[in-house]
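Peer 1: Before I ask anything, here is the structure I am working with.
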Amino acid sequence: MTAGNRLKFALIGLGRLGSIRAKILAFQQPRIELVGVCDTKPGTDKWAAENLPSNVKYYSDPTECMKSSGAQAVLICTVTATHAPLIIQAFDFGLHVICEKPISVDLIATKEVVEKAAANPHLKFLVPFTRRYDKSYRTAKALVDKGDLGEIHAIETTCHDQQDPNAFFVSFSEMSGGIFLDVGIHCIDAGRYLLDVKSGLQNPKKQVNRVIAMGQQAVYGDLKKFKDCDNGWGMVEFANGKILTTYLGRTLTNGFEDTTRLCGTKAHSIITGTSNVEVRDQYGIRYQSVPDAFTFFDATFLADLAEFADAVLDGKSMTCEPEDAFEAGKICLALQQSFRSGLPVYFDDEGMPILE
Ligand SMILES: NC(=O)c1ccc[n+]([C@@H]2O[C@H](COP(=O)([O-])OP(=O)(O)OC[C@H]3O[C@@H](n4cnc5c(N)ncnc54)[C@H](O)[C@@H]3O)[C@@H](O)[C@H]2O)c1
């Protein structure tokens, strides 16, 4: 393909994320043309008609959308449980695929998708972990690559969502795979992005030795029914000795917070997704909070879609490989299992978590 071509895209799933993505695809990507959108929920056709260019075709059936929209690539923004079958179908239609995290709540389905991607090397496949496209994380990564922090031997990550009075994520727990997968995959991937987890391995297939997780239902007791928690702690020991810890929560009252501490032999560095606006008033000195992670998406979604278009049209490389989504998914599913069983989860010589 020449650089002047625009990549024809279809978007499946017009929910919270998909509606933001659709506008970016339609209006803010010079190398992309949005040709079709799809959602199974009644009323989304009206949203599409009111918010997208008139030439974007609407479908209520994802198969029909992939088959008839004329798209060369598809962006999947549906609920997590539908990702794996839609990705496989898209590959079968010969489409390049971007899919929101995680690939699946199931280990076998995740593996099948990654193997399908590997069997179709002419088709690009991207799971765009937001932090890899965030300016602060990229700055920290450049410090790591230059060696300014020395050897990064450990990473501490935290991610805290604001309390939700409607407790939406409680009923959603079964579909989302629970906190260690739904939220934790961002932290685990950020850790893998910034830690060198591949050097010094005796067995290149096995990146992780063991994980252990603990958790509480501090506010949302009903999560117990779904074997999930609202505050969870996880530790990952990589096979080359690097350590990653993560603290995930859904009970903060001020807003959304996200931090990553890089522990290097020459220096530590702390990345924070919390707003840096200081307010000094009659209550004292404080920082304004951001309500949720959506605050960061406008910039990261511009970056990941532009990168994907360059990868398909010009053969350029991408920041996340399918293997990254697989490795992060395996670790998160192992953490969830460890929380549920109260026992550590070890990884075998094939690099798979032993989930009994
Ligand atoms: N990158 C991030 O930081 C981030 C943040 C939030 C959510 N996510 C992921 O994005 C995905 C979507 O999240 P959301 O909050 O937008 O969900 P949502 O429930 O708001 O939207 C999902 C939409 O998909 C539609 N849908 C479901 N099954 C479908 C199918 N088979 N075909 C067509 N449409 C279908 C639903 O009708 C709904 O409109 C989830 O997998 C979630 O894990 C990623």
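Reminder that position 266 of the sequence shown reads as 266 in full-length UniProt numbering, one-by-one numbering, no gaps.
Backbone N, C-alpha and C define an ideal beta-carbon position, used for all residues, glycine too.
Looking at the structure shown, is F347 part of a helix, part of a strand, or coil, going by DSSP?
Peer 2: It is a strand residue.
Peer 1: Nearest to P85 by CA position, among G70, S68, Y59, V114, is which residue?
Peer 2: For P85, the nearest C-alpha among the options comes from V114.
Peer 1: Is P102 helix, strand or coil by DSSP?
Peer 2: Residue state, collapsed to three classes: coil.
Peer 1: Three or more C-beta pairs closer than 8 angstroms, one from the segment 284–293 and one from the segment 64–75: is that the case here?
Peer 2: Not touching, per the Cβ criterion.
Peer 1: At a cut-off of 7 angstroms, is T260 close to ligand 1 when judged by its beta-carbon and the heavy atoms of the ligand?
Peer 2: No, the beta carbon of T260 sits no closer than 7 angstroms to any heavy atom of ligand 1.
Peer 1: Distance check for D304 and E350, CA to CA, integer angstroms please.
Peer 2: Roughly 31 angstroms separates the two Cα atoms.
Peer 1: Is it true that the segment 254–264 meets the segment 213–224, where meeting means three or more beta-carbon pairs spaced less than 8 angstroms apart?
Peer 2: Judged by Cβ distances under 8 angstroms, the segment 254–264 makes no contact with the segment 213–224, as fewer than three pairs qualify.
Peer 1: With a Cβ-Cβ cutoff of 8 angstroms, do G89 and T63 count as a contact?
Peer 2: Note on identity: in this sequence residue 89 is Gln, with Gly being the wrong assignment. In contact: Q89 and T63 (Cβ atoms closer than 8 angstroms).
Peer 1: For a test of your reading of the model: does the CB of C187 fall under 7 angstroms from any non-hydrogen atom of ligand 1? Yes or no.
Peer 2: Checking the Cβ of C187 against ligand 1 gives no.
Peer 1: Mind checking whether F301 and D134 have CB atoms under 8 angstroms apart?
Peer 2: Not in contact: F301 and D134 (Cβ atoms no closer than 8 angstroms).
Peer 1: Per DSSP, K8 is paired with what?
Peer 2: E33.
Peer 1: Can a CB atom of chain D be found closer than 8 angstroms to the CB of C65?
Peer 2: Note that chain D does not occur in the displayed structure, where there is just one protein chain.
Peer 1: Considering only C-alpha positions, which residue in the set K224, V105, F347, I271 is nearest to Q207?
Peer 2: The candidate whose alpha carbon is nearest that of Q207 is F347.
Peer 1: When we look at the beta-carbon of H122 and count the other beta-carbons within 10 Å, is it buried (16 or more) or exposed?
Peer 2: H122 should be labelled exposed.
Peer 1: Considering only the beta carbon of each residue, do G177 and Q337 sit closer than 8 angstroms?
Peer 2: It is not a contact, given that the beta carbons lie outside the stated cut-off.
Peer 1: Look at L252 and H160 and say whether their C-beta atoms are less than 8 angstroms apart.
Peer 2: Against a cut-off of 8 angstroms, the Cβ pair of H160 and L252 comes out as a contact.
Peer 1: Are there any heavy atoms of ligand 3 lying less than 7 angstroms away from the beta-carbon of S176, as far as the coordinates show?
Peer 2: What this structure holds is ligand 1, not ligand 3.
Peer 1: With a threshold of 7 angstroms, establish whether the CB of L34 neighbours any heavy atom of ligand 1.
Peer 2: The answer is no for L34.
Peer 1: According to the Cβ coordinates, are A309 and R31 closer than 8 angstroms?
Peer 2: Contact: yes.
Peer 1: Counting only the same chain and skipping the five closest in sequence on each side, list residues whose C-beta sits under 7 angstroms from that of T78.
Peer 2: Excluding positions up to five away in sequence, the list reads I12, G13, L86.
Peer 1: CA-CA distance, T80 and L107?
Peer 2: Their backbone Cα atoms lie some 13 angstroms apart in a straight line.
Peer 1: Let me know the alpha helix (DSSP H) ranges lying completely inside the UniProt domain "GFO/IDH/MocA-like oxidoreductase" (137–267), each 4 residues or longer, listed in chain order.
Peer 2: Listed in chain order, they are 168–171, 173–176, 179–182, 184–194.
Peer 1: Could you name the residues that DSSP lists as bridge partners for P353?
Peer 2: Paired residues: F347.
Peer 1: Taking the CB atoms as reference points, tell me whether V170 and L223 lie closer together than 8 angstroms.
Peer 2: A contact, by the Cβ cut-off of 8 angstroms.
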